[in-house]
Amino acid sequence: MPKAVKCKGEGREKKTIHPYSRKAAQLTKEVHKQEKKDKLKNERAFRLSIIGEKLLWFQSHLDPNKVEYTKKEACELIEKYLQRFSDELEQIELRNSIKGRQARQHFSREAVIKQTMERERHIYEGYGLEIPDIVNCKHLKTFRDWDGDLQKLSNIKMRKLSSKDAFINSSEKPAAETETESCAAKNMD
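The sequence shown begins at 1 in full-length UniProt numbering and counts up one residue at a time.
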């Protein structure tokens with residue numbers, strides 16, 4: 001009867017690695033590198049999801065009849081965006097006032113909402129809140145056609161608008177009117 005063929009790794013057990021060896025250091029380095037990659041990937045996905053939620057809010061609140069917005073109209077839309085949690089805050093206040101309890105329910109959610117609103121308001125009044133470029137008619141059309149896919153987020157042009165942009169200077173107005181006329185002419189073609 002012929003001998004059975006033995007596999008090389010069958011009889012051996014996996015060798016233990018000395019904790020201070022080069023091999024152990026190499027394996028530890030690989031594990032840390034993979035953890036760092038995963039962490040960066042999750043952070044990037046989280047940032048993109050926040051931006052995606054903001055863009056979806058703006059997309060759902062656009063006027064379908066408008067070809068483009070002025071800076072003042074865009075600032076009014078930003079003001080609506082900054083007040084998007086006001087209904088939820090009113091509901092929380094109403095629940096807390098009715099029950100007459102000492103401890104406030106939904107306190108953590110209320111704190112997060114207030115902190116978010118305060119931070120966004122500070123950014124808007126400071127150097128400007130980044131929103132999709134709805135002032136330019138070409139970028140507005142691209143934004144309206146966007147299907148919400150976060151991978152296509154780079155196709156959407158963004159613009160920073162601050163509270164100071166709500167007050168248009170008289171020198172900027174003619175430039176905006178000529179841009180509107182050129183966009184209207186393109187749409188007629």
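The beta-carbon is built from N, C-alpha and C at its ideal position, and this holds for glycine as well.
Those residues which DSSP pairs with residue i across a bridge
| i | result |
| --- | --- |
| Arg159 | Ile131 |
Cβ-based burial, residue i [other Cβ within 10 Å; buried from 16]
| i | result |
| --- | --- |
| Tyr69 | buried |
| Val31 | exposed |
| Leu150 | exposed |
| Leu56 | exposed |
Contact under 9 Å by Cβ, residue i with residue j
| i | j | result |
| --- | --- | --- |
| Trp146 | Ile131 | no |
| Lys71 | Asp133 | no |
| Gly148 | Gln26 | no |
| Leu161 | Glu120 | no |
Through-space distance from residue j to residue i, alpha-carbon basis
| i | j | result |
| --- | --- | --- |
| His139 | Ser21 | 58 Å |
| Gln34 | Ile17 | 20 Å |
| Lys141 | Pro64 | 10 Å |
| Asn42 | Ser49 | 10 Å |
| Glu73 | His61 | 12 Å |
| Gly128 | Thr116 | 15 Å |
| Phe46 | Lys23 | 35 Å |
| Val95 | Glu118 | Checking the sequence, you will find Arg at residue 95 rather than Val. Straight-line Cα distance between these residues: approximately 23 Å. |
| Ser86 | Ser108 | 16 Å |
| Lys66 | Phe143 | 13 Å |
Contact belief for residue i with residue j at Cβ below 8 Å, rounded distance in angstroms
| i | j | result |
| --- | --- | --- |
| Leu89 | Glu76 | About 21 Å separates the two Cβ atoms, so there is no contact after all. |
| Ile78 | Tyr124 | 6 Å |
| Arg104 | Val135 | Rounded, the Cβ-Cβ distance is 42 Å, inconsistent with contact. |
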